[in-house]
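Participant:
Residue numbers (the numbering used here), protein chains in the order written: chain L, 1 to 338; chain X, 1001 to 1338.
Here is the structure:
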């Protein structure tokens, strides 16, 4: 029997199902899904609020991503913004505008991904809105979090060291691979034949982490860095654009050493196969969801040192020691670059 | 000089402009627009959270609504959900997915409408997300509010009276008029020649309130009803569907008297001109953004009594005394009716 379309099920029935599925939540939820608004007990700590959208044809393409991955990623990118402030994510609201011909199977897979993510990050789904569209999908999520101590973009000081929390460029390379492969890869399933999808030059063990980073990104928990960080941001638009944001807000410059930028072995292999510069991917690819932060030098900081905060010059220093000025290079909506 | 397109301005510049424009806010905003997340001082009262979407081609049609009206309405419909819980709206997040060819003029008008609404409702814009789309517009807003005492959908008791706070059907009739006129009407401007747009049979003084109710709806403040209400909801999908929600959650029935349903003189005139039943518009039209609530009988309640909560039967009683069972009739996404 083919899966029903959402239009055959109806909004009220979909909402009732969600209400049942996501009933269990934290003890400080007074009202969850199903009334005009959710009701929460007031926290003792400061409240963090963030919201992020994913638009079909702009942020994702159903030719390259499974509905499960889309659900997981939507939660992750929002959690990442709360983490970037040094906070703890707590409550989630979802807005889904889905085509009325979407199958119930696709819809269910999407919510399987959401459910996996909310368990992983320990957040509770407390509300949202579902609508039909005549066109493509638009998704958004809002996360409410708490922070005992928060870290802004504006706290970097001249002389601070610049750190990142993991490899850069993998996600952008993963996307480039997907565009090359031209098919979604259900990484969430364990028994698929990945090898068929790849060129002979590429091994699954090298490419899988790149694809995973793009399709099922894990937001980086800031817990071990909060104590040290003077400023922080998550790398969503690319290292240089996000570092520029820290520089702008902190009114400082930055010097980044290319030789210090952490990249994975798989990135070099896959980028070479695709004919793309791995450094360009690492500097400007985006969607890394690693943390970028500044701190006074301290041996206890378990992150990768990539450069220093300067008075005003913003430069990248390449392997042969040449300086190149950088501006915010990275993905920006509505096209213009500063 | 023609207005620039958003794609010529760029996301960063648009965000900087918003940051400047919406800088002033309440004193309990620690961080507003411009970091990874907004930061608010924790309130003493319980927290209300709600989010609502508006999708082009589903919730609105740019042939009938101005960008200003869209901005104003987006805020109003979200405020209405906080009001429906008996709460006070405080903070606003906006998500805009707009076509990259949208003109700056349209974008600015949209934010003029948002600004007017946030002043009217005394809420502060603290964050959001802007994205380009290749297709139509999708907008969503999230509002965070506070409540000293909250009112659920589930508190109606057998014998309670049912009240509404104002005329019903005007908004749906306004939309029907707009579809007939086939042009947006900039009600927000004072010096336009309205008369040209209307048929000879209709007077501007009768139709303007209907159009206004649809295009620039004002969410109904629950202040004077909170003390009395046992259950409450805002009428967004139509009286009968929203009353069914109260009945479902409260596990009761309802008896509604058609003769008591408040309608405006303009509704009768315009509905007759359009050949639509005014009662059908009032019962099922939706987008009224009036409050529907139940309470023990009390002469101090300054709202319109329309019926009673019953044990289980759900009936509408027409002018000649005939009973008709009702189910949730009203607009529902994904098509299905219960």
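Quick reminder that beta carbons are idealized off the backbone N, C-alpha and C, glycines included.
#1: Starting from the C-beta of residue 1219 of chain X, find all residues in its chain whose C-beta is less than 6 Å away, skip the five residues before and the five after it, and write them out in chain order.
#2: DSSP three-state label for residue 1273 of chain X, please.
#3: With a threshold of 7 Å, establish whether the CB of residue 11 of chain L neighbours any heavy atom of the ligand PLP.
#4: Residues of the segment 1036-1054 of chain X in Cβ contact with chain L at a cutoff of 8 Å, in chain order, please.
#5: Assuming residue 1232 of chain X contacts residue 1326 of chain X (C-beta within less than 8 Å), just tell me the rounded distance between them.
#6: Determine whether the beta carbon atoms of residue 295 of chain L and residue 149 of chain L lie at a separation below 8 Å.
#7: Tell whether a beta-carbon distance below 8 Å holds between residue 1018 of chain X and residue 1031 of chain X.
#8: Could you tell me the alpha carbon to alpha carbon distance between residue 244 of chain L and residue 49 of chain L, rounded to whole angstroms?
#9: On the three-state DSSP scale, how would you describe residue 1336 of chain X?
#10: Could you tell me if residue 1300 of chain X is buried or exposed, where buried requires 16 or more neighbouring beta carbons within 10 angstroms of its beta carbon?
#11: Relative to the alpha-carbon of residue 60 of chain L, which residue among L:287, L:304, L:146 has its alpha-carbon at the smallest distance?
#12: Report the partner residues of residue 315 of chain L according to the DSSP bridge assignment.
#13: Any beta carbon from chain L within less than 8 Å of residue 1095 of chain X's own beta carbon?
#14: What does a CB cutoff of less than 7 Å around residue 137 of chain L pick up in its chain, not counting 5 residues either side in sequence?
#15: Tell me whether residue 1222 of chain X sits in a helix, a strand or coil according to DSSP, three-state version.
#16: Between residue 85 of chain L and residue 266 of chain L, what straight-line distance do the alpha-carbon atoms span, to the nearest angstrom?
#17: Taking the straight line between their C-alpha atoms, what separation do you get for residue 34 of chain L and residue 1143 of chain X?
#18: In this structure, does DSSP put residue 1071 of chain X in helix, strand or coil?
#19: Given a limit of 7 Å on CB to CB distance, which residues of the segment 1065-1084 of chain X reach chain L?
#20: When you compare the CB of residue 337 of chain L with every CB in chain X, is at least one pair closer than 8 Å?
#21: Distance, Cα to Cα, residue 1177 of chain X vs residue 1070 of chain X?
#22: How far does the alpha helix (DSSP H) with residue 209 of chain L in it reach, from first residue to last?
#23: Does any C-beta atom of chain X lie closer than 8 Å to the C-beta of residue 88 of chain L?
#24: Once the 5 residues before and after residue 1112 of chain X are set aside, which same chain residues still bring their CB inside 6 Å of it?
#25: Residue 967 of chain X by DSSP, collapsed to three states: which one?
#26: Any beta-carbon of chain X closer than 8 Å to the one on residue 132 of chain L?
#27: Less than 8 Å between the C-beta atoms of residue 125 of chain L and residue 222 of chain L, yes or no?
#28: Using three-state DSSP, classify residue 1017 of chain X as helix, strand or coil.
#29: Along the chain, where does the beta strand (DSSP E) that runs through residue 164 of chain L open and close?
Facilitator: Working from what's here:
#1: 1076, 1079, 1080, 1083, 1289, listed in sequence order.
#2: Residue 1273 of chain X: helix per DSSP, three-state reduction.
#3: Ligands are entirely absent from the displayed structure, and the ligand PLP is therefore not among its contents.
#4: Legend: CB atoms of the segment 1036-1054 of chain X lying less than 8 Å from CB atoms of chain L belong to residues 1036, 1037, 1038, 1039, 1040, 1041, 1042, 1043, 1044, 1045, 1046, 1047, 1048, 1049, 1050, 1051, 1052, 1053.
#5: Residue 1232 of chain X to residue 1326 of chain X, Cβ: 20 Å. No contact.
#6: The answer is no: Cβ separation not under 8 Å.
#7: No; because the gap between Cβ atoms is not below 8 Å, this pair is not in contact.
#8: Near 23 Å, if we compare the C-alpha coordinates of residue 49 of chain L and residue 244 of chain L.
#9: Its pLDDT being 38, under 50, residue 1336 of chain X is placed unreliably by the model, and nothing is read from it.
#10: In the assembly as shown, residue 1300 of chain X is an exposed residue. Its beta-carbon has fewer than 16 other beta-carbons within 10 Å.
#11: The shortest Cα separation from residue 60 of chain L among L:287, L:304, L:146 belongs to L:287.
#12: According to DSSP, which records beta bridges pairwise, residue 315 of chain L is partnered with L:255, L:325.
#13: Among the CB atoms of chain L, one or more fall inside 8 Å of the CB of residue 1095 of chain X.
#14: The answer, listed in chain order, is 56, 97, 98, 99.
#15: Coil at residue 1222 of chain X, not helix or strand.
#16: Going by the C-alpha atoms only, they are around 30 Å apart.
#17: Their Cα atoms are separated by approximately 16 Å.
#18: Residue 1071 of chain X: helix per DSSP, three-state reduction.
#19: Those would be 1081, 1082, 1084, in chain order.
#20: With a pLDDT of 33 at residue 337 of chain L, under the threshold of 50, the predicted position of this residue should be treated as unreliable, and no value is reported.
#21: Cα to Cα, residue 1177 of chain X sits roughly 17 Å from residue 1070 of chain X.
#22: It spans 204-215 - the alpha helix (DSSP H) in which residue 209 of chain L sits, taken as one unbroken run.
#23: Put simply, the CB of residue 88 of chain L is far from chain X, with every gap to its CB atoms at 8 Å or more.
#24: Cβ neighbours of residue 1112 of chain X within its own chain (closer than 6 Å, five residues either side excluded): 1068.
#25: Since the first residue of chain X shown is 1001 and the last is 1338, residue 967 of chain X is not available in this structure.
#26: Closer than 8 Å to some Cβ of chain X, the Cβ of residue 132 of chain L qualifies, so yes.
#27: No, these two residues do not count as a Cβ contact at 8 Å.
#28: Three-state result, residue 1017 of chain X: helix.
#29: Counted as a single uninterrupted DSSP element, the beta strand (DSSP E) harbouring residue 164 of chain L occupies residues 161-164.
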